[in-house]
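Chemist: First to last, the sequence lines map onto chains S and E. If you read the first sequence in our numbering, its first letter stands for residue 1, the second for the next number, and so on. If you read the second sequence in our numbering, its first letter stands for residue 1001, the second for the next number, and so on.
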Amino acid sequence: MHLKQTLSSLGRRGLRVLVGTVAPALSSALLRLAKTHEDRGEYAKAQKLCERSLRVLGSAPSKPALGRSRVRSLSHLATLERIQGRYDRAEALLREALAIAATVFGPRDLEPSALLHNLAVGHKYQGRFSEAKRLYLKSLAITRQVLGPEHPEVASIYHNLGGLEHARGRFARGEPFARRAVRIREKALGAEHPDVAADVAALAAILDGQGRYEESEPLYRRALAVFERRFGPEHYELAVNFNNLGALCQATGRDAEAERFYRRALAIKEKILGLDHPDVAMTLNNLAMLYRSLGRAREAEALYQRALAIFEKTLAPTHPKLATCRANYAGLLRAEKRDAEALKLEALALTDARLGSAMQSSYQDRPQS
Amino acid sequence: MMKLIATVFGLVAVAAAVFPLVAEAGSNLNHNETLVRDRHN
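1) Is the beta carbon of residue 111 of chain S less than 7 Å from the beta carbon of residue 120 of chain S?
2) Is the region 277-288 of chain S close to the region 304-313 of chain S, with three or more CB pairs under 8 Å?
3) State buried or exposed for residue 1039 of chain E, treating a residue as buried only when at least 16 other CB atoms are found within 10 Å of its CB.
4) At least one CB of chain S closer than 7 Å to the CB of residue 1019 of chain E: is that the case?
5) Between which two residues does the alpha helix (DSSP H) harbouring residue 235 of chain S extend?
6) By Cβ distance below 7 Å, which residues in the same chain neighbour residue 138 of chain S in space, the five residues on each side in sequence not counted?
7) I want to see whether chain E comes within less than 7 Å of residue 163 of chain S, judged by CB atoms only; does it?
8) Is the beta carbon of residue 161 of chain S sitting closer than 7 Å to the one on residue 208 of chain S?
9) By alpha-carbon positions, which one of S:76, S:310, S:300, S:68 ends up nearest to residue 33 of chain S?
10) Name the residue from S:86, S:56, S:29, S:66 whose alpha carbon lies nearest to the alpha carbon of residue 276 of chain S.
11) Between residue 113 of chain S and chain E, is there a C-beta pair that is closer than 7 Å?
12) Using 7 Å as the limit for Cβ to Cβ distance, is residue 197 of chain S near chain E?
13) Got a sec? Which residues, its chain only, sit under 7 Å from residue 226 of chain S by beta carbon, not counting five neighbours each side?
14) Measuring alpha carbon to alpha carbon, tell me which of S:123, S:145, S:146 ends up nearest residue 135 of chain S.
15) Quick one: which chain E residues come within Cβ less than 8 Å of residue 250 of chain S?
16) Could you check the C-alpha separation between residue 330 of chain S and residue 235 of chain S for me, to the nearest Å?
17) Give the range of the alpha helix (DSSP H) segment to which residue 283 of chain S is assigned.
18) At the 7 Å Cβ level, is residue 205 of chain S part of the contact set with chain E, yes or no?
19) For the alpha helix (DSSP H) containing residue 159 of chain S, list its first residue and its last residue.
20) On the three-pair Cβ rule with 8 Å, is the region 290-302 of chain S touching the region 311-318 of chain S?
21) In whole angstroms, what separates the C-alpha of residue 171 of chain S from that of residue 1037 of chain E?
22) In whole angstroms, give me the CA-to-CA distance for residue 266 of chain S and residue 224 of chain S.
23) Would you kindly report the start and end of the unbroken alpha helix (DSSP H) that includes residue 126 of chain S?
24) In angstroms, rounded to a whole number, what distance separates the CA positions of residue 349 of chain S and residue 169 of chain S?
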């Protein structure tokens, strides 16, 4: 009896050792595969692999290796939710991961720092800019301290700090961050790396925002060439840069070219993100602006209505993208002397802005991990 | 028994070598996408 108990105890211990060793390796393999699908724009497949990784790891990751794997699985899953426009779900996953990371690794470790970084990206897309900035700076301090100032992870945070200023329309303030990201990552990874291309594209958008079209256009095209070589013709990175090149062509009076770029961006986005994604709405708004400027008011109106319906469904009422799209549509209505309809839209924008300012303060009151 | 244990640990070692613990993270680079606004607004 005593021998049987000893053997059984040894067996259980052996099984725990085995799970503790094999599960993280299996999780890592599943996450790598998920990244491959993510790179192809196959987000649903990538998501299933992340969920499988979480199932492999179980629910009580007390050991660091299991904890690390669980944190990374949750973080990767959150990224996929965010890419697909499900910002609240992404945030919930990241907060779950942060709770584990803070317990297993402590607050000054790279794992919680990466999660704060990821959370900040989500806040940017939700229009929660002040919170995003605070989290980026916190993550930057830890990452610089642990990895050194010239590490590609540091470049990623500079990239996103530039992106935050871009989203706020403070383009000149974003430029030094964007340039630093390009310099650090290009030195570390070489000019052909897709992350360097992403930095170059982000810098192009910041220059574009300042009206420096002659500087930004070659950078967009350089980034597009890298993305096309690496990802093929239907990737999200291509869609974003086609959209931006469309806007640049529109701003420089090349309307036919602008329409072609917008149409290509829209086709890719609708295919890989679905019809109701906020990024689809951005290109719909831009195409509507182009059609309006060309006197194609009926087509423009249909596009504005579709864009607004998506933004209203997917973004907080306070979001600047929603406000911009409403103002653009109201502009079309005013130009057509449909003042009552324009007024209704503007009143709605005002009500939502008030509600939004109340929500913004409740967001800012929420404690950060 | 010893053979079985050795085989299991051998397989674990191979798995760990093939799939190192540094997993690929999802992309955390944001995108600076242009939303055109009406200059008259």
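The C-beta atom is built at its ideal place from N, Cα and C for all residues, glycine as well.
Modeler: Checking against the coordinates, here is how it stands:
1) Reading the first sequence from its first residue, position 111 is the one you call residue 111 of chain S. Reading the first sequence from its first residue, position 120 is the one you call residue 120 of chain S. Cβ distance not < 7 Å, so residue 111 of chain S and residue 120 of chain S don't count as in contact.
2) yes
3) Sequence index remark: in the second sequence, residue 1039 of chain E carries index 39 (1-based). Exposed is the call here.
4) Counting from one through the second sequence, the residue named residue 1019 of chain E turns up at place 19. At residue 1019 of chain E, the pLDDT of 47 sits below 50, so the modelled position is not reliable and the matter cannot be decided from this model.
5) If you number the first sequence from 1, residue 235 of chain S lands on position 235. Looking at the DSSP string, residue 235 of chain S is not in any alpha helix (DSSP H), and its letter there is neither H nor E.
6) Mapped onto the first sequence, residue 138 of chain S falls at position 138. Result list for residue 138 of chain S: 116, in chain order.
7) To locate residue 163 of chain S, count along the first sequence from 1; it is residue 163. Taking 7 Å as the CB threshold, residue 163 of chain S lines the interface with chain E.
8) Position 161 of the first sequence, counting from 1, holds the residue named residue 161 of chain S. Position 208 of the first sequence, counting from 1, holds the residue named residue 208 of chain S. Taking 7 Å as the Cβ cut-off, residue 161 of chain S and residue 208 of chain S do not qualify as a contacting pair.
9) Working through the first sequence from its first residue, we reach residue 33 of chain S at position 33. Ranked by Cα distance from residue 33 of chain S, the options S:76, S:310, S:300, S:68 are led by S:76.
10) As a working note, residue 276 of chain S is residue 276 in the first sequence. Out of S:86, S:56, S:29, S:66, S:86 has the C-alpha closest to the C-alpha of residue 276 of chain S.
11) Here the question's residue 113 of chain S lines up with position 113 in the first sequence. It does not; no Cβ of chain E falls within 7 Å.
12) Position 197 of the first sequence, counted from the start, is the residue given in the question as residue 197 of chain S. Closer than 7 Å: no.
13) The residue you call residue 226 of chain S lines up with position 226 of the first sequence. 192, 194, 197, listed in sequence order.
14) Here residue 135 of chain S is taken as the residue at index 135 of the first sequence, counted from 1. Restricting attention to S:123, S:145, S:146, the CA atom closest to the CA of residue 135 of chain S is found in S:123.
15) By 1-based counting over the first sequence, the position of residue 250 of chain S is 250. Those are 1036, listed as they occur along chain E.
16) Numbered from its first residue, the first sequence carries residue 330 of chain S at position 330. Numbered from its first residue, the first sequence carries residue 235 of chain S at position 235. Roughly 33 Å between the two C-alpha positions.
17) The residue you call residue 283 of chain S lines up with position 283 of the first sequence. First-last of the alpha helix (DSSP H) with residue 283 of chain S: 278-293.
18) Numbered from its first residue, the first sequence carries residue 205 of chain S at position 205. Yes, its Cβ sits closer than 7 Å to a Cβ of chain E.
19) Locating residue 159 of chain S in the first sequence gives position 159, where the first residue counts as 1. Looking at the DSSP string, the run of the alpha helix (DSSP H) that includes residue 159 of chain S is 152-167.
20) no
21) The sequence position of residue 171 of chain S within the first sequence is 171, counting from 1. The sequence position of residue 1037 of chain E within the second sequence is 37, counting from 1. Cα to Cα, residue 171 of chain S sits roughly 15 Å from residue 1037 of chain E.
22) For the purposes of this step, residue 266 of chain S is taken as the residue at position 266 of the first sequence. For the purposes of this step, residue 224 of chain S is taken as the residue at position 224 of the first sequence. Each residue's Cα considered, the two are about 16 Å apart.
23) Sequence index remark: in the first sequence, residue 126 of chain S carries index 126 (1-based). Run containing residue 126 of chain S: 110-126, per the alpha helix (DSSP H) assignment.
24) The residue labelled residue 349 of chain S in the question sits at position 349 within the first sequence. The residue labelled residue 169 of chain S in the question sits at position 169 within the first sequence. Their Cα atoms are separated by approximately 19 Å.
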